[in-house]
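A short write-up of the structure that comes next.
Protein chains: 2
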Amino acid sequence: MEFKKGDIYGTHRVLEPKGVLPQPADKLDNTMEIYDNEVLIDVQTLNIDSASFTEIEKRAGGDVEEIKKIIMNIVETTGKHKNPWTGSGGMLIGKVAAIGPNFKGDLRVGDKIATLVSLSLTPLKIEEIKEVRPEIDQVDVKGQAILFQSGLYGILPKDMPKELALSVLDVAGAPAQTAKICKPGDTVVVMGGGGKSGILCCWQAKRQVGVNGKVICVDGFKKSINRAMSVKCADEYLVVNATDAVAMYNEIMEVTEGELADVVINVVNIPNTEMASILACKDNGLVYFFSMATSFTKAALGAEGVGKDVNMLIGNGYTKGHANVALQVLRDDERIMKLFAELYA
Amino acid sequence: MEFKKGDIYGTHRVLEPKGVLPQPADKLDNTMEIYDNEVLIDVQTLNIDSASFTEIEKRAGGDVEEIKKIIMNIVETTGKHKNPWTGSGGMLIGKVAAIGPNFKGDLRVGDKIATLVSLSLTPLKIEEIKEVRPEIDQVDVKGQAILFQSGLYGILPKDMPKELALSVLDVAGAPAQTAKICKPGDTVVVMGGGGKSGILCCWQAKRQVGVNGKVICVDGFKKSINRAMSVKCADEYLVVNATDAVAMYNEIMEVTEGELADVVINVVNIPNTEMASILACKDNGLVYFFSMATSFTKAALGAEGVGKDVNMLIGNGYTKGHANVALQVLRDDERIMKLFAELYA
Chain D
1 MEFKKGDIYG THRVLEPKGV LPQPADKLDN TMEIYDNEVL IDVQTLNIDS
51 ASFTEIEKRA GGDVEEIKKI IMNIVETTGK HKNPWTGSGG MLIGKVAAIG
101 PNFKGDLRVG DKIATLVSLS LTPLKIEEIK EVRPEIDQVD VKGQAILFQS
151 GLYGILPKDM PKELALSVLD VAGAPAQTAK ICKPGDTVVV MGGGGKSGIL
201 CCWQAKRQVG VNGKVICVDG FKKSINRAMS VKCADEYLVV NATDAVAMYN
251 EIMEVTEGEL ADVVINVVNI PNTEMASILA CKDNGLVYFF SMATSFTKAA
301 LGAEGVGKDV NMLIGNGYTK GHANVALQVL RDDERIMKLF AELYA
Chain P
1001 MEFKKGDIYG THRVLEPKGV LPQPADKLDN TMEIYDNEVL IDVQTLNIDS
1051 ASFTEIEKRA GGDVEEIKKI IMNIVETTGK HKNPWTGSGG MLIGKVAAIG
1101 PNFKGDLRVG DKIATLVSLS LTPLKIEEIK EVRPEIDQVD VKGQAILFQS
1151 GLYGILPKDM PKELALSVLD VAGAPAQTAK ICKPGDTVVV MGGGGKSGIL
1201 CCWQAKRQVG VNGKVICVDG FKKSINRAMS VKCADEYLVV NATDAVAMYN
1251 EIMEVTEGEL ADVVINVVNI PNTEMASILA CKDNGLVYFF SMATSFTKAA
1301 LGAEGVGKDV NMLIGNGYTK GHANVALQVL RDDERIMKLF AELYA
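Which chain is which? The protein sequence lines are D and P, in order. Following the working numbering, the numbering of the first sequence begins with 1 at its first residue and continues without gaps. Following the working numbering, the numbering of the second sequence begins with 1001 at its first residue and continues without gaps.
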């Protein structure tokens, strides 16, 4: 069998307009014959992005048959599921059906995977929509999809429920990046430390900094801090409002005896927490912004305004092996496995 | 003489509302008696932020006396120059009149300095407005101001015209950060490399990467590339539209023989250049976003969408000694000194 040579980003599948990447493209080639570096997936379930599903449901007046028609129409017209009203997609769950000879990765035919790249850039063909589950934005289908060489995926593990694994894969980048940036002996502040992503980051940070380091879990809500304390993922726990920069500075100054943090990880899901992150960090330290509510200009001008020589990183949802790192946290700590199973599965 | 102890960020000067930083504060204490870590400045000129000056000029119907009244009123009411309609300030030029005994820095009484922090957080008292120069947004005053311990400044050098020095100090963070992140042997792409900041970054990058490295200056305009070529600040020069990610990827692939860049520095002043920066960078490379037009979410989701494991830094306008680094470029290269003198002085 002969294969055509594919581009790693999938630009060979772009029909209109020519020369752009698959995500911004209007129309993709969804022929289900793989190129040399592609993966063919038998799709079982589409996890439609929440904003997108809500929009489709509204247009359909809540009618399930109408929802099916709208989704079929989007995919038939564009070769992918990119909601034209919201611009968003979602992700999918399926089984690996075929792997191109030049695809680089640890996949095998028959593996059950979740794609961790958006449906808005994934070539998709739907034969039939079997079931719509509006309460969880899921659609069971008979269909096929293509994963590009650059496309991220997570192999669904056999040792935990699917829903639990998915809830962790969703935020897998944060703990994996935490592992890369924290060094033994570091003092690490995790802002928003009581949330899903925050608990994983605290746990991973504690593993990296070791006995000579210190992990400080900060959250705006007592309830979240109690949750973090129940799994013992940090050394110190503080309830502080992350939009109050001066309060954060004073609290972190006190708990670090005037030293401040080597690393500040921000996973707070509300705006205006940039300055508190900057002030909690010592000179030449590292602030890692993982929250999508982060404003680039507030961070850049904020650090300059207070003359703070800190390195500020934009959270990248991907780093090599991120799915494994995140799932391993649950395997290594049954308290977190149990807590997440209660909360998300 | 006894001094009261000041906070490094100047929160001791905040009158309303209590507990916030000087920048967001509504009212500062502008008593011109310094605390132990403050600097007193005899102010000569206010460089009003361009957006702010335009707004004030409009409100005054272009009348100079009315402009004076509006500025005086802002400063008398709030103790600083933070334009209530734009939220912005500007910077000032003046002479150091007194230095608190606990201020840490290289200042001496009599030094002529430009403050590199915003007027929107600088305690200011104006006795008299002497002259308004609307064509360059400048206001000459008799007055005094306070610099906090955290406040940035640049000592105006004696070996070049004031306007030339100011134009460089304005973007001093970019070349100084470039010096920190580029290593010998690196391949560096500077996007927007033909502009003021871009030329300084190219030059500094070339100095860092040495003979085994390569600096690629990319700009969207032939005119800017010609300017960069005239001062020989790079090894390669390319005209590429930075909003066209695929074109950028192809061009950088070609010029690096498929290796891509170790470091990508983005100083392009238009939106939607995040993806081109990410694609130009190799895995585990570093993308440095210095443009205020950068979108945090476009960068974060962009890298994830193409599965690219790159480190992305938010440009911090400040790093230790940044003013010296930037001014030194002009001293070390008379071609750049001459070009900038023509363009900006």
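We put the CB at the ideal spot given by N, CA and C, even for glycine.
At the 8 Å Cβ level, is residue i part of the contact set with chain P, yes or no?
i                      : result
residue 243 of chain D : no
residue 318 of chain D : yes
residue 295 of chain D : yes
residue 121 of chain D : yes
Taking just the CA atoms, how far does residue j sit from residue i?
i                       : j                       : result
residue 163 of chain D  : residue 1301 of chain P : 23 Å
residue 1151 of chain P : residue 1117 of chain P : 6 Å
residue 227 of chain D  : residue 205 of chain D  : 17 Å
residue 1216 of chain P : residue 1256 of chain P : 9 Å
residue 80 of chain D   : residue 1308 of chain P : 22 Å
residue 181 of chain D  : residue 1243 of chain P : 30 Å
residue 1196 of chain P : residue 1340 of chain P : 8 Å
residue 248 of chain D  : residue 254 of chain D  : 10 Å
residue 108 of chain D  : residue 36 of chain D   : 15 Å
residue 1141 of chain P : residue 1171 of chain P : 25 Å
residue 1202 of chain P : residue 313 of chain D  : 22 Å
residue 1159 of chain P : residue 1281 of chain P : 39 Å
residue 346 of chain D  : residue 51 of chain D   : Only positions 1 to 345 of chain D appear in the structure, and residue 346 of chain D is not among them; the question remains open.
residue 1273 of chain P : residue 1315 of chain P : 15 Å
residue 306 of chain D  : residue 1266 of chain P : 23 Å
residue 105 of chain D  : residue 1260 of chain P : 21 Å
residue 6 of chain D    : residue 1277 of chain P : 22 Å
residue 1097 of chain P : residue 1110 of chain P : 6 Å
residue 1297 of chain P : residue 269 of chain D  : 13 Å
So for residue i, helix, strand or coil by DSSP?
i                       : result
residue 288 of chain D  : strand
residue 281 of chain D  : strand
residue 234 of chain D  : coil
residue 1044 of chain P : strand
residue 1073 of chain P : helix
residue 252 of chain D  : helix
residue 16 of chain D   : strand
residue 338 of chain D  : helix
residue 1305 of chain P : helix
residue 4 of chain D    : coil
residue 329 of chain D  : helix
residue 1246 of chain P : helix
residue 1274 of chain P : helix
residue 1037 of chain P : coil
residue 1324 of chain P : helix
residue 1115 of chain P : strand
residue 1260 of chain P : coil
residue 1021 of chain P : coil
Residues of chain D with CB under 8 Å from residue i, in chain order?
i                       : result
residue 1117 of chain P : 304, 305 and 307
residue 1325 of chain P : Going along chain D, no residue has its Cβ under 8 Å from residue 1325 of chain P, so there is no contact; the nearest lies around 13 Å.
Flag residue i as yes if its beta-carbon sits less than 8 Å from any beta-carbon of chain D, otherwise no.
i                       : result
residue 1299 of chain P : yes
residue 1011 of chain P : yes
residue 1268 of chain P : no
residue 1313 of chain P : yes
residue 1292 of chain P : yes
residue 1218 of chain P : no
residue 1310 of chain P : yes
Going along chain P in order, which residues have a C-beta closer than 8 Å to the C-beta of residue i?
i                      : result
residue 151 of chain D : 1307
residue 23 of chain D  : 1305
residue 275 of chain D : 1021
Could you tell me which chain P residues have their CB closer than 9 Å to the CB of residue i, listed as they occur along the chain?
i                      : result
residue 343 of chain D : Going along chain P, no residue has its Cβ under 9 Å from residue 343 of chain D, so there is no contact; the nearest lies around 24 Å.
Give me the chain D residues within the contact set of residue i, using Cβ-Cβ distance strictly less than 7 Å, ordered along the chain.
i                       : result
residue 1246 of chain P : 11, 19, 20 and 21
### Query
Where in the region 1154-1242 of chain P do unbroken runs of the beta strand (DSSP E), each at least 3 residues long, occur, reported from the N-terminal end onward?
1187-1191, 1214-1219 and 1236-1239
### Message
What ranges does the beta strand (DSSP E) occupy inside the region 129-158 of chain D, keeping only unbroken runs of at least 3 residues that lie completely in it?
### Response
138-147 and 153-155
### Task
Using a Cβ-Cβ cut-off of less than 7 Å, give me the residues of the region 1181-1194 of chain P that come near chain A, in sequence order.
As a matter of chain content, chain A is missing from the structure shown, whose protein chains are D and P.
### Query
Which residue spans inside the region 52-104 of chain D form an unbroken beta strand (DSSP E) run of at least 3?
90-99
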